[in-house]
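Structure first, then comments.
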Amino acid sequence: MQTKEQIQQVKKLLTNQNRKEETILLLDVQSKIPGMEVVSWDELSTYFLEKQDYEKAYFYLEKILEINPYHKNARASMVLLAHDLEKWDDLLMFAMNLNSTDDKIPDLNYYIAKAYYEKRNYSEALEWIRKSPESERETLAFIELWKKILLSVNPNSDLHPILTYIKKMQAKGIQIKEEDVLPTLNPSGKKTIEDIKVGR
Numbered sequence: 001m002q003t004k005e006q007i008q009q010v011k012k013l014l015t016n017q018n019r020k021e022e023t024i025l026l027l028d029v030q031s032k033i034p035g036m037e038v039v040s041w042d043e044l045s046t047y048f049l050e051k052q053d054y055e056k057a058y059f060y061l062e063k064i065l066e067i068n069p070y071h072k073n074a075r076a077s078m079v080l081l082a083h084d085l086e087k088w089d090d091l092l093m094f095a096m097n098l099n100s101t102d103d104k105i106p107d108l109n110y111y112i113a114k115a116y117y118e119k120r121n122y123s124e125a126l127e128w129i130r131k132s133p134e135s136e137r138e139t140l141a142f143i144e145l146w147k148k149i150l151l152s153v154n155p156n157s158d159l160h161p162i163l164t165y166i167k168k169m170q171a172k173g174i175q176i177k178e179e180d181v182l183p184t185l186n187p188s189g190k191k192t193i194e195d196i197k198v199g200r
């Protein structure tokens, strides 16, 4: 018990002096104390996320989930990291796990759809796009993914349902042109798409 308190005091001192590298070494030591593993790994993962060292952050998040598979922050962070690291199978595993609980994160359906799209399972990706709440459909990333999925399922897909969300984004003041996202809305865009389809 004495060791935990001493480590906490030293950690507080190092944190107050903004000595992050030493704090990380101390957290590594603290992680070897029974009962302090998850707390230490959580702080270590946060540190490495801030430094954008995603592989190390991923390592510590995995360690957290080995001990506590229902740790919401770790599961949510793993979804985001798996997306950034393009680990689509991992993303699906963690996202489906989150989806089956009340611990959902914003844009979870988008991440699931993106993973299925990247794995070329377009029908499943489209299913997750359709399940997405209305409030999450008004982002450029979502609209672009939706368009790609529709065109992957059928190159002649009707893209007009997406137009509604582009208009909503415009109404909110977002600078977005319909023809930039949906080039088939004007004659020259339609011709370009047709030329691409026939290989010109």
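All residue numbers for the sequence shown refer to my numbering, where the first residue is 1 and numbers rise by one.
Virtual Cβ for every residue (Gly too), placed ideally from N, Cα, C.
Computed from a prediction, not measured in an experiment: that's the story for all the values here.
If distances are taken between C-alpha atoms only, which option among the options comes closest to residue i?
i: D103; options: E50, W41, K72 and L150; result: K72
i: E136; options: A125, Y70, P106 and D42; result: P106
i: Q52; options: L80, L25 and K32; result: L80
i: H83; options: E21, T101 and Y54; result: Y54
i: E124; options: L92, E134, I174 and P69; result: L92
i: V181; options: K167, G173, K172 and A171; result: K167
i: L204; options: Q175, Y47 and D158; result: The shown model of the chain, from 1 to 200, leaves out residue 204, and the question about it has no answer.
i: I67; options: D90, V38, R19 and I174; result: V38
i: I33; options: R19, A141, E5 and K20; result: E5
i: D158; options: P183, K177 and A171; result: P183
i: N109; options: S132, Y70 and M96; result: S132
Grab me the residues of residue i's own chain with a C-beta within less than 8 Å of its C-beta, minus the 5 sequence neighbours each way, in chain order.
i: Y122; result: Y116, I149, S152 and V153
i: M1; result: Residue placement at M1 is poorly supported in this model, since its pLDDT is 47, which falls under 50; the coordinates are not used for a value here.
i: L85; result: Y54, E55 and Y58
i: A141; result: Y110
Verify whether the separation of the beta carbon atoms of residue i and residue j is less than 8 Å.
i: S40; j: Q30; result: yes
i: L98; j: A113; result: no
i: I143; j: Y111; result: no
i: M78; j: L61; result: yes
i: L65; j: E43; result: no
i: M169; j: E138; result: yes
Given residue i, which residues of its chain have a CB within under 7 Å of its CB, disregarding the five upstream and five downstream residues?
i: H160; result: none
i: W146; result: I129 and I162
i: W88; result: A115, E118 and K119
i: P69; result: none
Leaving out the 5 sequence neighbours to the left and right, which residues in its chain are closer than 6 Å to residue i when beta-carbon positions are compared?
i: L49; result: A57
i: D90; result: A82
i: A74; result: L61, I64 and L65
Review point. Which runs of the beta strand (DSSP E), 3 residues or longer, sit entirely within the segment 54–119?
Key: none
Check your understanding: Where are the beta strand (DSSP E) runs, 3 residues long or more, that stay fully inside the segment 118–164, in chain order?
Key -> none
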